[in-house]
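**Student:** Numbering (the numbering used here), first residue to last: 168 to 474.
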Amino acid sequence: DADQSGLLDKDEILNAVTSDKKVIDFLKDCGNDNLTYLLQPDRLAKALNSLDTSGDGMIDAFEWEAAIETALARKLDERAAARAEAAAKERAELGIGGPKAGGKKKKQRKRPPPWTGGGVELPLLVFGDMPDLNGGTRGNKAQTKKVSGAGARLAAAIEDERAHYGADSEPLVLFTGNSFGASFEGTVTRGDHVVPTVNAMGVYCGGVGASDLDYGFSNLQRVSTACNFPLLMSNVAEARSGKAPAGTQTSRLVTWKGRKVGILAVAASDKLKASGCVEAVSGAAEPVKGFPAPVRVEDEAACVRRV
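This is how it looks when you write it as structure tokens:
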């Protein structure tokens with residue numbers, strides 16, 4: 168960031184990756200493929216698009232830090248694997264076998280018993296309420312991959328579940344929202360810090376919670392554009408047009424493992440109506456002028472019955 172603007176544009180990146188030796192040396196062995204690809208002209212455009220998660224044509228500090236964290240995690244994994252290999256070799260040289268008889272068994276993740284009723288079992292992985300992703304350093308003892316941070320632990324747990332069920336019974340992953348609003352990190356990022364994490368989890372679609380509107384509909388539309396899956400708001404519609412607001416959708420119908428599944432997402436109507444960031448109106452006779460554009464909020468149960 169030669170001009171200290173906090174943003175990297177294409178010309179600035181092109182100049183650095185072709186003439187700045189310090190930058191070139193770093194990218195060669197940084198551990199993040201998208202960063203390394205910046206050194207390859209035929210892959211440069213694709214690499215820039217991968218790094219620019221907001222799609223605004225610029226790489227900001229949060230997007231750059233996300234790329235660095237990915238690279239750091241890979242380096243740590245490589246070093247952990249090397250240490251494990253060296254330890255295994257040392258144990259083999261000393262003639263030390265596996266765990267002793269009577270030793271502790273690996274803790275297994277608790278899963279529901281297999282479905283024995285009629286119909287078809289459809290595994291669902293549903294998560295949300297994750298505005299703070301730093302978390303602690305201790306993961307679940309049953310996780311195959313040991314990682315730090317709440318977001319990384321959740322991603323590792325989802326991969327464990329996918330491996331457990333296999334391709335024939337792959338779980339449908341859904342996101343319940345309430346993660347882009349006010350939080351310790353969100354006061355700075357306005358929800359941007361959550362986007363790379365949820366985008367890496369293979370989410371089919373997500374919902375919008377009341378707290379996701381802490382910074383208004385314009386911020387929600389910006390965040391939803393950066394997500395690689397659609398966001399749903401089934402019980403909220405623009406008062407003027409009747410359409411779902413901020414680039415969201417009302418519902419989704421998916422054919423999953425040979426079965427059609429309908430997906431709705433309703434936000435807490437009482438919290439939306441009490442929010443200072445939402446202009447909620449009711450009744451056909453009420454005026455619908457104003458900025459931000461007013462919306463109509465439907466009771467959750469009534470919405471589910473209607474849709």
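Glycine included, every Cβ here is placed at the ideal spot set by N, Cα and C.
To which residues does DSSP link Arg357 through a beta bridge?
**Tutor:** Residue 357 sits at position 190 when you count from the first residue of the sequence shown. According to DSSP, which records beta bridges pairwise, Arg357 is partnered with nothing at all.
**Student:** Using alpha carbons as the reference points, say which of Asn402, Ser172, Leu205 lies closest to Asp187.
**Tutor:** Within the sequence shown, residue 187 is the residue found at index 20, counting from 1. The option with the nearest alpha carbon to Asp187 is Leu205.
**Student:** What does the alpha-carbon distance come out to for the pair Phe384 and Asn395?
**Tutor:** Residue numbering aside, residue 384 sits at position 217 when the sequence shown is read from its first letter. Residue numbering aside, residue 395 sits at position 228 when the sequence shown is read from its first letter. If I take the Cα positions, the gap works out to 18 Å.
**Student:** Hey, Asn386 and Glu465: beta-carbon distance below 7 Å or not?
**Tutor:** The residue labelled residue 386 in the question sits at position 219 within the sequence shown. The residue labelled residue 465 in the question sits at position 298 within the sequence shown. Not in contact: Asn386 and Glu465 (Cβ atoms no closer than 7 Å).
**Student:** Where does Cys444 fall in DSSP's three states?
**Tutor:** On the sequence shown, position 277 is the one that residue 444 refers to. DSSP places Cys444 in coil when its eight states are reduced to three.
**Student:** Since Arg419 and Leu439 should fall inside the 8 Å C-beta cutoff, what is the C-beta to C-beta distance between them, to a whole number of angstroms?
**Tutor:** For the purposes of this step, residue 419 is identified with residue 252 of the sequence shown, where counting begins at 1. For the purposes of this step, residue 439 is identified with residue 272 of the sequence shown, where counting begins at 1. 21 Å between Cβ atoms; not a contact.
**Student:** Lys267 to Ala259, Cα distance in whole Å?
**Tutor:** Your numbering for residue 267 matches position 100 in the sequence shown. Your numbering for residue 259 matches position 92 in the sequence shown. Only weak support exists for where Lys267 lies, its pLDDT of 49 falling under 50; the coordinates are left without a value.
**Student:** Counting only the same chain and skipping the five closest in sequence on each side, list residues whose C-beta sits under 6 Å from that of Val318.
**Tutor:** As a first step, residue 318 is located in the sequence shown; it is residue number 151 there, counting from the start. Residue identity check: residue 318 is Gly in the sequence provided, not Val. Excluding sequence neighbours, Gly318 sits near Leu300, Thr364.
**Student:** Over what stretch of residues does the beta strand (DSSP E) that includes Arg419 continue unbroken?
**Tutor:** Translated into positions along the sequence shown, residue 419 becomes position 252. Arg419 -> beta strand (DSSP E) spans 419-423.
**Student:** Which residues mark the beginning and the end of the beta strand (DSSP E) in which Asp300 is found?
**Tutor:** Locating residue 300 in the sequence shown gives position 133, counting from the first residue. Residue identity check: residue 300 is Leu in the sequence provided, not Asp. Element bounds for Leu300: n/a, residue is neither H nor E.
**Student:** In this structure, how does DSSP classify Gly318 when only helix, strand and coil are distinguished?
**Tutor:** Position 151 of the sequence shown, counted from the first residue, corresponds to residue 318. Gly318: helix per DSSP, three-state reduction.
**Student:** Quick one: using the 10 Å Cβ neighbour count with 16 as the cut-off for buried, is Asn345 buried or exposed?
**Tutor:** Position 178 of the sequence shown, counted from the start, is the residue given in the question as residue 345. Buried.
**Student:** Roughly how many whole angstroms lie between the Cα atoms of Ala212 and Ile180?
**Tutor:** Here the question's residue 212 lines up with position 45 in the sequence shown. Here the question's residue 180 lines up with position 13 in the sequence shown. Cα-Cα distance, rounded: 11 Å.
**Student:** Can you tell me the Cβ-Cβ gap for Phe342 and Gly414, rounded? I've got them flagged as a contact below 8 Å.
**Tutor:** Mapped onto the sequence shown, residue 342 falls at position 175. Mapped onto the sequence shown, residue 414 falls at position 247. Contact doesn't hold; Cβ gap of about 16 Å is too wide.
**Student:** Could I get the ranges of all uninterrupted alpha helix (DSSP H) runs contained in the region 182-246, with 4 residues as the minimum, in chain order?
**Tutor:** Whole alpha helix (DSSP H) segments, 4+ residues: 188-195, 200-203, 211-218.
**Student:** When every heavy atom of the ligand ZN is checked, does at least one fall within less than 6 Å of the C-beta of Val421?
**Tutor:** This structure simply doesn't include the ligand ZN, nor any ligand for that matter.
**Student:** Using DSSP with H/G/I as helix, E/B as strand and the rest coil, what is Cys372?
**Tutor:** Here residue 372 refers to the residue found at position 205 when the sequence shown is read from its first residue. Cys372 falls in the strand class under three-state DSSP.
**Student:** Determine the direct distance from the alpha carbon of Ala432 to that of Gly264, and round the result to whole angstroms.
**Tutor:** Numbered from 1 along the sequence shown, position 97 holds the residue referred to as residue 264. Numbered from 1 along the sequence shown, position 265 holds the residue referred to as residue 432. Low confidence applies to Gly264: its pLDDT is 49, below 50, so where it sits in the model is not reliable, and the reading given next is rough at best. Taking the straight line from one Cα to the other gives about 52 Å.
**Student:** Would you decide whether Cys470 is buried or exposed? Buried here means 16 or more other CB atoms lie within 10 Å of its CB.
**Tutor:** The residue labelled residue 470 in the question sits at position 303 within the sequence shown. With 16 or more Cβ atoms within 10 Å of its Cβ, Cys470 is classed as buried.
**Student:** Which residues in the same chain have their Cβ closer than 8 Å to the Cβ of Leu339, if we skip the five residues on either side of it in sequence?
**Tutor:** Looking up residue 339 in the sequence shown gives position 172. Closer than 8 Å at the Cβ level, and outside the excluded window around Leu339, lie Leu289, Pro290, Leu291, Leu292, Tyr371, Val421, Trp423, Val428.
**Student:** According to DSSP, simplified to helix, strand and coil, what is Ala268?
**Tutor:** Position 101 of the sequence shown, counted from the first residue, corresponds to residue 268. Summary for Ala268: the model assigns pLDDT 49, below 50, so the residue's position carries little reliability, and this model does not support an answer.
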